[in-house]
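A.B. asks: Chains as they are written, first to last, in this note's numbering: chain A, 25 to 348; chain B, 4 to 247.
Take a look at this one; I'll ask things after.
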Amino acid sequence: MIWLGSITLLVLLVLSHLVWGTVPLPWRSWLFEGVPMESMHLLILEDVRMPRAAIAVAAGAGLSLCGLLLQTWFGNPLAGPSVLGVSSGAGMGVALIVLAGVAGGWMATTAAAVLGSGVALVLVLFVANRFRGAASLLIFGLMLNYVLGALITVLQAEADQAALQQFVFWGMGTFGQGSVETAWALGLLTCGAALGAWLMRKNLDAWTLGSLTARSMGVNERSFRWAIVWMSGLLTGGITAVCGPVAFLGLATPHLVRLLTRERRHAVLIPLTAIAGANLALLADWGVKGMLGMEHGWPLNAVLSLIGGPMVVWVLVTKTRSSA
Amino acid sequence: MGFSDQNKIFGIMKANVSSLILENLSAGYRGRTPILDELNHRFSSHGLNVVIGRNGAGKSTLVRTLAGLQTPLSGEVQLDGTTLHTLDSSERAKRIAFVSSVPPRTSELRVHEVLALASEDEEKRRSMLTATGDPSWWNRRLQELSDGEAQRVMFIRALLQGTDWILLDEPTAFLDVPARAALWRELMNAASKGVGVLVATHDYGEIQGHADLSSIAMIRNRKLTPLSVEASAADWTNALVSEL
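Next comes the structure, spelled out in C-alpha cells:
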C-alpha cells in the first residue's frame, strides 16, 4: 500500500512539474487534437522542466539515501549530510572555485565539492573512531560547520561582486540550475548509490547490532566504511555542486519513512527512502516555483527548512512518546 | 522437547573436536605494553570453557583476539591448523561466532529479522527460538526486550551462525539473577550438543554449580593460567586474591 502510494505520488508530482510552470504549454491541443508542439515549447519542456524534475528526483533521493546510510553507520538518528558538516565540506570546495577563483567550469566545481565533502566525512569518521558517543560526534559536526562557514565568510569578504552574487544564490539551493547533462549525471550517480546501498542492505542491518557483532557476523569493516564514505561523499558532493547545500532532506526523509512504515530493515528502507526523498524534493520545488503566490517563489532551503524543522521535531516527539 | 528434537535443531551432534590454539600470543593495543603477553594455551570445543579474571585483566582483549576481531600484537591463533587472522571476515564468521557483553540497545530490528541475518532457513530460526528462547519474541523489536532477553536472542543468533565456536565476552554482565541463570542454562545446553563455548567472566560465584565445565583458565599478570575444574569458587577467589 505504501509502495503503491509513494510511487503513484512520485509519478503525479513529476507530471505536475512537467505540465505546470510560468509558461503555459498547449497540452490540451497536443493531447486531444494531435497538434504538435512548437519548438519553443518543446525546448522549455526538454531543456528546462525535464532536467529540473530529474534533478529534484535525483537530489532528493540521493541526499535522503545519504542520510539513511550515515544514520545507520553512526548509529545516530540525528546524523545527516548537512548536520555532520559533509555539505559544508562540499560548500567549501565550491567556495574555493567560485569565490577564490582557483579554477573554473562545472567539472572543477563538482570535483571540488566531491573532494570537500569526502575530506569532511573522513574527518568526521576519524573523530567518530576517537570519541565514541553520539553527542561528541554531533558537536564535532556542528563545529566543522562553524569553522567551514567562517572560512567561507572570509572568502566572501574578499570576493568580487559577481562571484559573490553567484555564490549567494547557489547557497540558497535550487533544482533549477542544472542542464540536461547534469541531470543525467546526477541520475546515474543516485541510481548507482541506490544499487550500492541495496547490495549492502544485510550489512547495514547487522551494523545496527553494534560494530563488533556485525564484524563477527562477517561484515568487513574496512570495505564497509569506505563504501559509506565514497557513496556519501560522491552523493553529497555531486548534488551540492549542482543544487547548493540542500538542507534537511538527508536528515528528515529516513525518519519520515521509519515513522510511516514502522520498518527497520534496510531492504525496505533503502527504496522507500529514495522514493520519499524524491517526493519531498518535488513537493518543496512547488513551493520554490511560487505556488505560494509569491512572484519569484521562495529559496529552496527556506522551503525545506520550513518543512524539515517541524518534521524532525514531530518525529522526535512521537519517538519519545512511543518509547516512554 | 526431547533431546532428539533438539539435536535436529542444532544440526548435528558435531563430531569433530575443533581447537583454538594460542601460540606465543601477545595482544593489546599497538604502542603500549601488551595486555596479554606470550600466551600458550589450547581450547577444545565439546564443552564449556571459562576464562576468569578481574576487571581490566584483559578478558575482552582475549575474547576479541580469539574471535578474530582484534589483530594480535605478535604470535598467532590457530583454528584447526589455519592461522585465524588470515581468514577474511566472511570465512571467519562461518567458524567463530561472538556475543558481546552489551546487548544491542539501539537496534529496532524485530527478533526474526535479527535471526534472519544469521540463517536463511526460517524453520530453523523458529525452532531455535522456541528451543532456546521464547517463540513469543518472534515479532518483537529488540529494543522492547529486556536486557536478558535481548542477550539470549544474540546467543540464538550466534547459534544460528552454525559455527564450531561461540565466544562470549561477559555475556551476563548486565543481566539480573534469573536472566543469568537462564543464559547459563542455554550455554551448557549448547556445549552439550558439541558447540565449543568459551565464556569470559569476572564473576566466580556464577561458575559454581556448573559442574560440567570442560576447562577453566584465569587471566592474571598478563598470563593465562589453567585451573582445576574440580576446584571450588572459593579456591579461584583465593588464587586471585593471593596476587593482591
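Just so it is clear, CB atoms sit at the ideal spot from N, CA and C, and this is done for glycine as well.
(1) A:N227 lies in the alpha helix (DSSP H); which residues open and close that run?
(2) What residues match up with B:S77 in a beta bridge as DSSP calls it?
(3) For B:S22, which beta-bridge partners are listed by DSSP?
(4) Between B:V80 and chain A, is any beta-carbon pair separated by less than 8 Å?
(5) Taking the alpha-carbon positions, what's the A:M25 to B:I219 distance?
(6) Given A:L188, which residues of its chain have a CB within under 8 Å of its CB, disregarding the five upstream and five downstream residues?
(7) Here's a check: name, in chain order, each residue in its chain whose Cβ is nearer than 6 Å to the Cβ of B:L171, leaving out the five neighbours to either side.
(8) Can you name the residues of chain B whose CB is closer than 8 Å to the CB of A:T232?
(9) Determine which residues of the region 230-257 of chain A have a Cβ less than 7 Å from any Cβ of chain B, and write them out in chain order.
(10) Along chain B, in chain order, which residues have C-beta atoms closer than 8 Å to that of A:K226?
(11) Is the Cβ of B:F158 closer than 8 Å to any Cβ of chain A?
(12) In three-state DSSP terms, what is B:I222?
(13) Contact between the region 74-90 of chain A and the region 123-138 of chain A is defined here as three or more beta-carbon pairs at a separation below 8 Å; is this criterion met?
(14) Measure how close the beta-carbons of A:H290 and A:P101 come, nearest whole angstrom, since I'm counting them as under 8 Å.
(15) Could you tell me if B:L51 is buried or exposed, where buried requires 16 or more neighbouring beta carbons within 10 angstroms of its beta carbon?
(16) Using the DSSP secondary-structure output, state which residues sit across from B:I99 in a beta bridge.
(17) Strictly under 8 Å for the Cβ-Cβ distance: is B:W70 near chain A by that measure?
(18) Provide the residue(s) that pair with B:G199 in DSSP beta bridges, ordered along the chain.
(19) Using C-beta distances below 6 Å, list every residue in its chain close to B:V114, excluding the 5 sequence neighbours before and after it, in chain order.
(20) By the three-class DSSP mapping on this structure, what secondary structure does A:G115 have?
(21) Kindly indicate if chain A contains any beta-carbon less than 8 Å away from that of B:D91.
(22) My guess is that A:V143 and A:F164 are in contact by the Cβ rule of under 8 Å, so how many angstroms apart are they, rounded?
(23) Any idea which residues DSSP pairs B:R143 with across the strands?
(24) Compute the distance between the beta-carbons of A:P323 and A:S111, then report whether it is under 8 Å.
(25) Check whether chain B comes within 8 Å of A:R52, counting only Cβ atoms and requiring the distance to be less than that.
(26) What do you get for B:E173, buried or exposed, if any count of 16 or more other CB atoms within 10 angstroms of its CB means buried?
(27) Using a C-beta cutoff of 8 Å, does A:A348 count as contacting chain B?
(28) Nearest chain A C-beta to B:F177 closer than 8 Å, yes or no?
(29) Using the Cβ count rule (16 or more neighbours within 10 Å means buried), how would you classify A:M241?
(30) Please name the residue in B:R188, B:G208, B:I55, B:V20 whose C-alpha comes closest to that of B:A134.
(31) Is there a Cβ from chain A that is less than 8 Å from the Cβ of B:F46?
(32) Identify the contact partners of B:S21 in chain A, using a Cβ-Cβ distance below 8 Å as the criterion.
(33) What residues from chain A crowd round B:Q164, counting only those whose CB sits closer than 8 Å?
(34) Quick check: the Cα distance between B:I55 and B:N241, rounded to an integer number of angstroms?
(35) Quick one: is A:R76 near chain B, going by C-beta distance under 8 Å?
(36) Hey, is the region 76-92 of chain B in contact with the region 17-36 of chain B, meaning 3+ C-beta pairs nearer than 8 Å?
C.D. replies: A quick look at the data gives this:
(1) A:N227 -> alpha helix (DSSP H) spans 225-231.
(2) Per DSSP, B:S29.
(3) B:S22 pairs with B:S47.
(4) Among the residues facing chain A, B:V80 is not included, as its CB has no counterpart in that chain under 8 Å away.
(5) Between the alpha carbons of A:M25 and B:I219 lies a distance of about 56 Å.
(6) If we look at A:L188 and ignore the five residues flanking it on each side, its Cβ neighbours are L123, Q180.
(7) So the list reads V102, V202, once near-sequence residues are dropped.
(8) Residues of chain B passing the Cβ test: P107, T109, S110, E111, L112.
(9) The residues in question are A230, T232, L233, G234, L236, T237, R239, S240, M241, G242, V243, N244.
(10) Within chain B, the residues near A:K226 are L120.
(11) So no, B:F158 is outside the interface.
(12) Strand at B:I222.
(13) Flag = no, the region 74-90 of chain A and the region 123-138 of chain A do not touch.
(14) With 8 Å as the limit, A:H290 and A:P101 do not qualify as a contact, their Cβ atoms being about 15 Å apart.
(15) Answer is buried; the Cβ neighbour count reaches 16.
(16) Bridge partners of B:I99: B:W168.
(17) Note that residue 70 of chain B corresponds to Ala in the displayed sequence, not to Trp. Chain A contact via Cβ: present.
(18) Note: B:G199 sits in a beta bridge opposite B:G50, B:W168.
(19) A distance below 6 Å between beta-carbons, with the five flanking residues on each side excluded, links B:V114 to the following residues of its chain, in chain order: W140, W141, R143, V156.
(20) DSSP places A:G115 in helix when its eight states are reduced to three.
(21) Contact with chain A is found for B:D91, since one of that chain's Cβ atoms lies less than 8 Å from the residue's Cβ.
(22) The pair is not a contact, with the Cβ atoms about 14 Å apart (cut-off 8 Å).
(23) B:R143 is bridged by DSSP to nothing; it lacks a bridge partner.
(24) No, Cβ-Cβ distance for A:P323 and A:S111 is not below 8 Å.
(25) Closer than 8 Å to the CB of A:R52 there is not a single CB belonging to chain B.
(26) Counting the other Cβ atoms within 10 Å of the Cβ of B:E173 gives 16 or more, which makes it buried.
(27) Per-residue confidence for A:A348 stands at a pLDDT of 36, beneath the threshold of 50, marking its modelled position as unreliable; no derived number is given.
(28) Interface residue (Cβ-Cβ distance to chain A less than 8 Å): B:F177 is not classified as such.
(29) So A:M241 ends up on the buried side.
(30) With distances taken between CA atoms, B:A134 lies nearest to B:R188 out of B:R188, B:G208, B:I55, B:V20.
(31) No - not a single Cβ of chain A is within 8 Å of the one on B:F46.
(32) Result: empty, since nearest Cβ-Cβ is about 17 Å, beyond 8 Å.
(33) The contacting residues are M241.
(34) The C-alpha of B:N241 is placed about 13 Å away from the C-alpha of B:I55.
(35) Taking 8 Å as the threshold, the shortest C-beta distance from A:R76 to chain B does not fall below it.
(36) Result yes; three or more Cβ-Cβ pairs closer than 8 Å.
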